[in-house]
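Peer 1: Using the numbering used here, you'd call the opening residue of the sequence shown number 589 and step up by one each time.
C-beta atoms are modelled at their ideal positions from N, C-alpha and C, and glycine is treated no differently.
Sharing a structure with you now.
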Amino acid sequence: NGIYFLNNATTGTGQIDSNLECPTLWYFNGYWYLTFSDQWPSRQTHYLYKKNFSDEWIKPSMNRFDGKGLYAGKVAASDSQMILGGWVSHDFNRTNEFGWGGNFIAHELKQNANGTLYVDIISTIDETISHPQLLEITDSNISNATTKKITFSSISQYQYVTFNDLEGITKIEGYLDIDSIDGYFGLFFDYREGEASYHYDFNADLQRISFYRGHFTQRTTDRLYTVNTFYNTSNQLKFTLLFEEALDADGTIVTLYMEGQTALTARMFRVEQTNFGFYGLNSNVTISNLKKYK
589 NGIYFLNNAT TGTGQIDSNL ECPTLWYFNG YWYLTFSDQW PSRQTHYLYK
639 KNFSDEWIKP SMNRFDGKGL YAGKVAASDS QMILGGWVSH DFNRTNEFGW
689 GGNFIAHELK QNANGTLYVD IISTIDETIS HPQLLEITDS NISNATTKKI
739 TFSSISQYQY VTFNDLEGIT KIEGYLDIDS IDGYFGLFFD YREGEASYHY
789 DFNADLQRIS FYRGHFTQRT TDRLYTVNTF YNTSNQLKFT LLFEEALDAD
839 GTIVTLYMEG QTALTARMFR VEQTNFGFYG LNSNVTISNL KKYK
């Protein structure tokens, strides 16, 4: 049996030719899986699954592992582990045509009881980057903010909190309680002279995480570089930020993992020893138990 894909599924026309490539077919713990990369319209790696090989393929609601920060993903699997490997383009986030060639990145895939997959930081990397580091607030307009608890309120002015620099390979962990995001909420990098250079933005209504170039008050289409789905499934939603500093022109790589869900990988140019922090506008969000590791 074959699999039929609508050419240019975004609009249903033939104006753009889909290019599906880099497939991986494998069996793991009772289920068959098929991954593939789609060059159009947003260069992402998708997957399908089924219980029996003779069954129809199932497209899960969350079928993308990452945004366009991980492309041409292929899976290597053993009896106990699945690793998704791909690459993040050298020209990612730049205004020119998508550049071929880049840096290798990888995520671990884990299986839910119903056979669906989710993305996590590779367990051996997580265990290696486990040495606690100093994490301190350097600037904030939120009263009583600490690394144990930061509460954003539903007020009509931006609130923010900034932390000390990320250097080398660093991991940040924490938990989110998202009651509502009526305005904006996210995580920023390289805050100086009143503006940030890059930021992740959470949109609970659209169930989306986006990565933008520019200050966290700027969310225009030309500044949007990659996007993925996220679900505000529960309180104490754990997140992990993996920061891989690059001092050369290729640019620093960051990946934001949402526990039990997906990842969003991006690249930041001319960012070294950068601070980071969180912002909110008309958002009832609590961040707790923030920790920093190297």
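Roughly how many angstroms lie between the CA atoms of residue 676 and residue 644, to the nearest whole one?
Peer 2: Those two C-alpha atoms are separated by around 32 Å.
Peer 1: Who does residue 814 pair with in a DSSP beta bridge?
Peer 2: Its beta-bridge partners are 799.
Peer 1: Since residue 693 is in the beta strand (DSSP E), which residue starts that stretch and which ends it?
Peer 2: Taken as a continuous stretch (DSSP letters only), the beta strand (DSSP E) holding residue 693 covers 690–699.
Peer 1: Please go through the same chain and pick out, in chain order, the residues whose beta-carbon is closer than 6 Å to the beta-carbon of residue 840, but skip the five residues on each side of it.
Peer 2: Within the same chain, residue 840 has close Cβ partners 833, 834, 856, 859.
Peer 1: With DSSP as the reference, identify every bridge partner of residue 875, one or two as the case may be.
Peer 2: DSSP lists 738, 764 as partners of residue 875.
Peer 1: In its own chain, which residues sit with a C-beta less than 6 Å from the C-beta of residue 654, not counting the 5 before and 5 after it?
Peer 2: The answer, listed in chain order, is 851, 853.
Peer 1: Between the Cα of residue 617 and the Cα atoms of 715, 670, 749, which residue gives the shortest distance?
Peer 2: Out of 715, 670, 749, 670 has the C-alpha closest to the C-alpha of residue 617.
Peer 1: For the stretch 606–615 and the stretch 688–701, state whether three or more C-beta atom pairs, one from each stretch, are separated by less than 8 Å.
Peer 2: No, they do not touch.
Peer 1: The ligand ZN and residue 744: does any heavy atom of the ligand fall closer than 8 Å to the residue's C-beta?
Peer 2: Here there are no bound small molecules, and the ligand ZN is not part of this structure.
Peer 1: Quick check on residue 727: does DSSP put it in helix, strand or coil?
Peer 2: Residue state, collapsed to three classes: strand.
Peer 1: Can you grab the Cα-Cα spacing for the pair residue 781 / residue 760, in whole Å?
Peer 2: Between residue 781 and residue 760, the C-alpha separation is close to 24 Å.
Peer 1: Grouping DSSP H, G and I as helix and E and B as strand, with all else coil, what is residue 781?
Peer 2: It is coil, neither helix nor strand.
Peer 1: Would you check if the stretch 785–801 and the stretch 809–819 touch, i.e. whether three or more CB-CB distances between them fall below 8 Å?
Peer 2: Yes, the stretch 809–819 is in contact with the stretch 785–801.
Peer 1: What span of residues does the alpha helix (DSSP H) with residue 711 cover, start to end?
Peer 2: Counting along the chain, the alpha helix (DSSP H) containing residue 711 begins and ends at 711–716.
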